[in-house]
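A quick write-up on the structure given underneath.
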DNA sequence: CCCATATGTAAGTATATACTTACATTAATC
DNA sequence: GATTAATGTAAGTATATACTTACATATGGG
């Protein structure tokens, strides 16, 4: 034998670079040439690590989800005057779109004809949804008002609010402050509101 | 002169076909060959009517927005026990995604590097936002509660809810009934809620 | 009928780009 | 230090597809 195979380590190092490239450029404009250049490699070196561009894309989706989720877990662990759900909302309002996860999501939503891409997106949304549903339940602490939507539906609403915040950012429809205010105010309302 | 030019009429006839093609296939898979075939034409005939594929795409965005907006105006005109806003929410909960506008939106969001596409999307979202803001204002009739987000922010939240409903549909994450329920319940909550 | 323009048909081109191949060089293990 | 797999370099290929060109045919107005 000679020279140990370090492919796995290389992959771990490169995935954030790929994810950023897909986030910056979208799927189409993130050509294999561009990806390789950002990685400081040649195209065929990338292809030694992943079998296809699609595989690189799927790896990026998983990575960015994990990245976001671990940030959220961290927020849950720290103590604060606010509830966990409120902390996440505030943090998202302030840091919205930093990872570029949404751009990758848009790119993925354009490729939903591809079963693997579709599955990756499904898993991602499902995980977010489970996570947020738990937070909504914790926030409401069983004090379920008569007219209030159940926690699962509210959770989808909150995810939608986040998507919309990303879109308004992408299209420069709202400035950062207004965007943060939106996520905070409308999000809190969905969390806590009672029917009038 | 000979033979009157009927290009404009042809365009009007064909735009719905193009829009459906983009909605079904997304931008990338809607190749010019596919577009031409669905129109029952050759590619160069399409190119006599529009200068580029992008132009066909932009025309489709405008068309689908107008299509949706006119449906909503119709809903506003009809009388009902419910308020106008409630009527739109219910209708959207039931007919969500029929036009395929959302798929075109996703495709567009992937091409936001292109200034023309970006502008078309901005115009579309702005128009929807203006429209919905008016409905929220009408619904709340100036009875603005202290903790309630202002109507413009709420309107973005409602649009986000609609986007999310489209995504859950696209990825088959929710069945139609639950989806409609989500749009209705969470939407109504955003419209009417008072802080608990 | 004429003729100018619209419409139809059938190729072709140019380019981008995902992916491959061939070969040179390096470096761990024995 | 020899061997062998990993890594680096530089081309090349194959294909898809947006867009074009060349030419034939139809059709309405003078």
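Chains as they are written, first to last, in my numbering: chain A, 22 to 217; chain B, 22 to 217. Think of the CB as a built atom: it goes at the ideal place given N, C-alpha and C, for glycine as much as any other residue.
### Query
Should residue 123 of chain B be labelled buried (16 or more other beta-carbon atoms within 10 Å of its own) or exposed?
What you label residue 123 of chain B is simply residue 102 of the second chain in a count that begins at 1. When all chains shown are included, residue 123 of chain B counts as buried.
### Task
May I ask which residues mark the beginning and end of the alpha helix (DSSP H) holding residue 66 of chain B?
The residue you call residue 66 of chain B lines up with position 45 of the second chain. For residue 66 of chain B, the enclosing alpha helix (DSSP H) covers residues 64-70.
### Task
Kindly indicate if chain B contains any beta-carbon less than 7 Å away from that of residue 155 of chain A.
Here the question's residue 155 of chain A lines up with position 134 in the first chain. Residue 155 of chain A does not count as touching chain B.
#### Entry: Per-residue contacts from residue 117 of chain B into chain A (C-beta, under 7 Å)
Indexing the second chain from 1 puts residue 117 of chain B at position 96. Chain A residues near residue 117 of chain B: none, gap ~12 Å exceeds 7 Å.
### Query
Hey, quick one: how far does the alpha helix (DSSP H) through residue 198 of chain B stretch, first residue to last?
Within the second chain, residue 198 of chain B is the residue found at index 177, counting from 1. Segment 197-213, the alpha helix (DSSP H) holding residue 198 of chain B.
### Message
Rounded to whole angstroms, what is the Cα-Cα separation between residue 142 of chain A and residue 157 of chain B?
### Response
Translated into positions along the first chain, residue 142 of chain A becomes position 121. Translated into positions along the second chain, residue 157 of chain B becomes position 136. Taking the straight line from one Cα to the other gives about 32 Å.
### Query
Are there 16 or more other CB atoms within 10 angstroms of the CB of residue 66 of chain A, so buried, or fewer, so exposed?
Counted from its first residue, the first chain places residue 66 of chain A at position 45. Burial call: exposed.
### Message
Which residue marks the beginning of the alpha helix (DSSP H) containing residue 187 of chain B, and which one marks its end?
### Response
Here residue 187 of chain B refers to the residue found at position 166 when the second chain is read from its first residue. From DSSP, the alpha helix (DSSP H) with residue 187 of chain B extends over 172-191.
### Query
Expressed to the nearest angstrom, what Euclidean distance is found between the alpha-carbon atoms of residue 216 of chain B and residue 27 of chain A?
Residue numbering aside, residue 216 of chain B sits at position 195 when the second chain is read from its first letter. Residue numbering aside, residue 27 of chain A sits at position 6 when the first chain is read from its first letter. Here the model assigns residue 216 of chain B a pLDDT of 48, short of 50, so the residue's position is not dependable and the matter cannot be decided.
### Query
Does any residue of chain A bring its CB to less than 7 Å from the CB of residue 201 of chain B?
Here residue 201 of chain B refers to the residue found at position 180 of the second chain. No, no contact with chain A.
### Task
Report the option in B/70, B/138, B/50 and B/42 whose CA atom is closest to the CA atom of residue 33 of chain B.
Taking the first residue of the second chain as 1, we reach residue 33 of chain B at position 12. Measuring from the Cα of residue 33 of chain B, the nearest candidate turns out to be B/70.
### Task
Put residue 100 of chain B into one of helix, strand or coil per three-state DSSP.
On the second chain, position 79 is the one that residue 100 of chain B refers to. Here residue 100 of chain B sits in coil by DSSP.
### Task
Using alpha carbons as the reference points, say which of A/199, A/146, A/137 and A/200 lies closest to residue 87 of chain A.
Taking the first chain and counting its residues from 1, the one referred to as residue 87 of chain A is at position 66. Relative to the Cα of residue 87 of chain A, the nearest Cα in the group A/199, A/146, A/137 and A/200 belongs to A/146.
#### Entry: Nearest-angstrom beta carbon gap, residue 186 of chain B and residue 117 of chain B [assumed within contact, 8 Å]
Position 96 of the second chain, counted from the start, is the residue given in the question as residue 117 of chain B. Position 165 of the second chain, counted from the start, is the residue given in the question as residue 186 of chain B. Between residue 186 of chain B and residue 117 of chain B the Cβ distance is about 5 Å, and since that is below 8 Å, they are a contact.
### residue 48 of chain A to residue 101 of chain B span [Cα, whole Å]
As a working note, residue 48 of chain A is residue 27 in the first chain. As a working note, residue 101 of chain B is residue 80 in the second chain. Distance between the alpha carbons of residue 48 of chain A and residue 101 of chain B: 46 Å.
### Message
When you compare the CB positions of residue 133 of chain A and residue 137 of chain B, do they come within less than 7 Å of one another, or not?
### Response
Counted from its first residue, the first chain places residue 133 of chain A at position 112. Counted from its first residue, the second chain places residue 137 of chain B at position 116. Not in contact: residue 133 of chain A and residue 137 of chain B (Cβ atoms no closer than 7 Å).
### Task
Determine, using beta carbons only, whether residue 42 of chain B and residue 62 of chain B come nearer to each other than 7 Å.
Taking the second chain and counting its residues from 1, the one referred to as residue 42 of chain B is at position 21. Taking the second chain and counting its residues from 1, the one referred to as residue 62 of chain B is at position 41. No, the Cβ-Cβ distance between residue 42 of chain B and residue 62 of chain B is not below 7 Å.
### Query
Roughly how many whole angstroms lie between the Cα atoms of residue 140 of chain B and residue 129 of chain B?
On the second chain, residue 140 of chain B is found 119 positions in, with the first residue counted as 1. On the second chain, residue 129 of chain B is found 108 positions in, with the first residue counted as 1. The alpha-carbon atoms of residue 140 of chain B and residue 129 of chain B are separated by roughly 10 Å.
### Query
When burial is assigned at 16 or more other CB atoms within 10 Å of the CB, is residue 25 of chain B buried or exposed?
Stepping through the second chain from its first residue, residue 25 of chain B is reached at position 4. Counting Cβ neighbours within 10 Å, residue 25 of chain B comes out exposed, since fewer than 16 surround it.
### Message
Alpha carbons only, please: which of B/151, B/168 and B/58 is nearest the one belonging to residue 202 of chain A?
### Response
The residue you call residue 202 of chain A lines up with position 181 of the first chain. Minimum Cα-Cα distance from residue 202 of chain A among the listed residues B/151, B/168 and B/58 corresponds to B/168.
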